[in-house]
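Peer 1:
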Amino acid sequence: MKFGTALISILVVGLLACVSSAYAVTSPYVIEKQHALEETEWTDSFSIEQFDPSWGTLYRIEIFLEARTTGFAGWENKSTSRGATVTVDFESKVSADAPSWTTISKIMTDGPVMDVLTTYDGVTDYDGDSGGTRNYDSGIVSAAPLVINDGDAGWGAIAAAYTGPGTVNMPVYTTSDANLNAVGGNVLAEFRQESYAKVTVQYHFRPVPEPASLAACLLGLAGMGAFAVRKRR
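For the sequence shown, the residue numbers in my numbering are 1 to 233.
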């Protein structure tokens, strides 16, 4: 009776291991890196964990880029004899160089915005009839993702770059441009832009069960066999 109870216990544990299919790492494996909002133009290098072949068979890599840009422009017509018309626009670009692959980028723009100014009102405050401001926030926006599958052109070199026991470095950087075009007057202007970046790498793979789970599963199958033999007797 005790042998039968022990056998049933082994059987239950083993079957649960088979059903749960426990793995050391589940697919997709997700890595996220980000650079906080900072005045442009900045550069950074994200250290991306490589895919460990012991996890399973890699069949797809995806890279996502999220970006955000905020901007400020202020202008004041300092002329006491002539009015002015100003046109303002912003442009910012956040990019990440995917090693052995290509560059993923997102461009954010605002404007053009036009403002008609009177002669100088005596106060340089980017306000009133002779001055103005523009605040810009793109919000979080996403670039078109990079996706490559096993069998696609270039898969071998790209998969090799992202596979191993260490990390791969991904340069991330920003460029920005803000323009003010003034007609008439004597216009003083100030600009400021800040950018944020977040890179997400996803490894899709066919996982390999953990050795302990596999052993428990085999033990359960063996237990089933032993239980069946015992019942026949």
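Positions of the beta carbon are idealized from the N, C-alpha and C atoms, including for glycine.
Kindly confirm or deny that the stretch 96-105 and the stretch 55-68 touch, where touching means at least three C-beta pairs closer than 8 Å.
Peer 2: yes
Peer 1: Report the residue from I140, D137, T118 and S142 whose alpha carbon sits nearest the alpha carbon of G131.
Peer 2: The shortest Cα separation from G131 among I140, D137, T118 and S142 belongs to T118.
Peer 1: Let me check one thing: in DSSP terms, what residues is E71 bridge-paired to?
Peer 2: Correcting the residue identity first, residue 71 is Gly in this sequence and not Glu. The partner list for G71 (beta bridge, DSSP) reads Y136 and Q193.
Peer 1: Which residue's Cα is closest to the Cα of V201: M170, T80, N77 and G154?
Peer 2: Of the candidates M170, T80, N77 and G154, the residue whose Cα lies closest to the Cα of V201 is M170.
Peer 1: Spatial neighbours of N179 within its chain, please: C-beta separation below 6 Å, excluding the five flanking residues on both sides.
Peer 2: D89
Peer 1: For my contact list, S27 and G56 are in at a C-beta cut-off of 8 Å; report their separation, rounded to the angstrom.
Peer 2: Going by Cβ atoms, the distance from S27 to G56 rounds to 7 Å, so yes, they are a contact pair.
Peer 1: Along the chain, where does the beta strand (DSSP E) that runs through G185 open and close?
Peer 2: Looking at the DSSP string, G185 is not in any beta strand (DSSP E), and its letter there is neither H nor E.
Peer 1: Short check: CB of T163 to CB of L37, under 8 Å?
Peer 2: In this structure, L37 does not lie closer than 8 Å to T163 by Cβ.
Peer 1: Would you kindly work out how many angstroms separate the C-alpha atoms of V147 and Y196, rounded to a whole number?
Peer 2: Rounded to whole angstroms, V147 and Y196 show a C-alpha spacing of 22 Å.
Peer 1: So, helix, strand or coil for E112, using DSSP?
Peer 2: According to the sequence as given, residue 112 is Pro; it is not Glu. Strand at P112.
Peer 1: Taking 8 Å as the threshold (C-beta atoms), are A67 and V242 in contact?
Peer 2: Any answer about residue 242 is impossible in this case: the structure gives the chain only from 1 up to 233.
Peer 1: So, is A96 buried or exposed, given that buried needs 16 or more other C-beta atoms within 10 angstroms?
Peer 2: buried
Peer 1: Which value, in whole angstroms, describes the spacing of the CA atoms of S92 and R134?
Peer 2: 15 Å
Peer 1: Which residue comes first and which comes last in the alpha helix (DSSP H) that contains A159?
Peer 2: Here the alpha helix (DSSP H) through A159 covers W155 to A161.
Peer 1: Q34 and V168 - do their beta-carbons sit closer together than 8 Å?
Peer 2: no
Peer 1: Using DSSP's beta-bridge definition, name the partner residues of E41.
Peer 2: E41 pairs with nothing; no bridge assigned.
Peer 1: Hey, T124 and E76 are a contact pair by Cβ (cut 8 Å); roughly how many whole angstroms apart?
Peer 2: 5 Å
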